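As structure tokens, the structure follows; a few thoughts come after it.
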Amino acid sequence: MLVRPALLSNWPPEPKDLFGAEGPLVLEVGFGDGRFTAELAKAHPDWCILGAEVSATSVLKALRRMRREGIENVRLYQGTGPFALRNLVPPQSLHLAIVNFPDPWPKKRHQERRLLQERFFR
Numbered sequence: 002m003l004v005r006p007a008l009l010s011n012w013p014p015e016p017k018d019l020f021g022a023e024g025p026l027v028l029e030v031g032f033g034d035g036r037f038t039a040e041l042a043k044a045h046p047d048w049c050i051l052g053a054e055v056s057a058t059s060v061l062k063a064l065r066r067m068r069r070e071g072i073e074n075v076r077l078y079q080g081t082g083p084f085a086l087r088n089l090v091p092p093q094s095l096h097l098a099i100v101n102f103p104d105p106w107p108k109k110r111h112q113e114r115r116l117l118q119e120r121f122f123r
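Under my numbering, the first residue of the sequence shown is numbered 2, with each subsequent residue one higher.
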């Protein structure tokens, strides 16, 4: 359930390498405690959902949630969304990208911490 890029045998990985199955690939950036991710996975059991989150605490909470609820179609990655998008998602393979409430950095001095900025979309 936890994606560790350094331990992957194929690089870059294919979704089948990560999930052991094929299906529409969905990337959720900033999944927090995994509540939304879990509900999405249950609503779409045929989807392969890859979540990226920078907070180790949040990843642990989400991992526990997925295990507790028996969710098999989710893989979690602790790291940035841009890294996941560029390295864990093959070109032209993304069915859907989800970013919920991404930017709690309203002050100008924090603008470098914002996820949704021009360089993210390049």
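Just so it is clear, CB atoms sit at the ideal spot from N, CA and C, and this is done for glycine as well.
It should be emphasised that the depicted structure is a prediction, and the values quoted were computed from it without experimental measurement.
It is roughly 13 Å from the alpha-carbon of residue 69 to the alpha-carbon of residue 75. Assignment of residue 52 by DSSP, reduced to helix, strand and coil, places it in the strand class.
By the Cβ test, the segment 18 to 34 is in contact with the segment 79 to 97, since at least three Cβ pairs between them sit closer than 8 Å. Following the DSSP letters along the chain, one finds residue 40 inside the alpha helix (DSSP H) bounded by residues 36 to 44.
In this structure, residue 95 sits away from residue 78, with a CB-CB distance that is not shorter than 8 Å.
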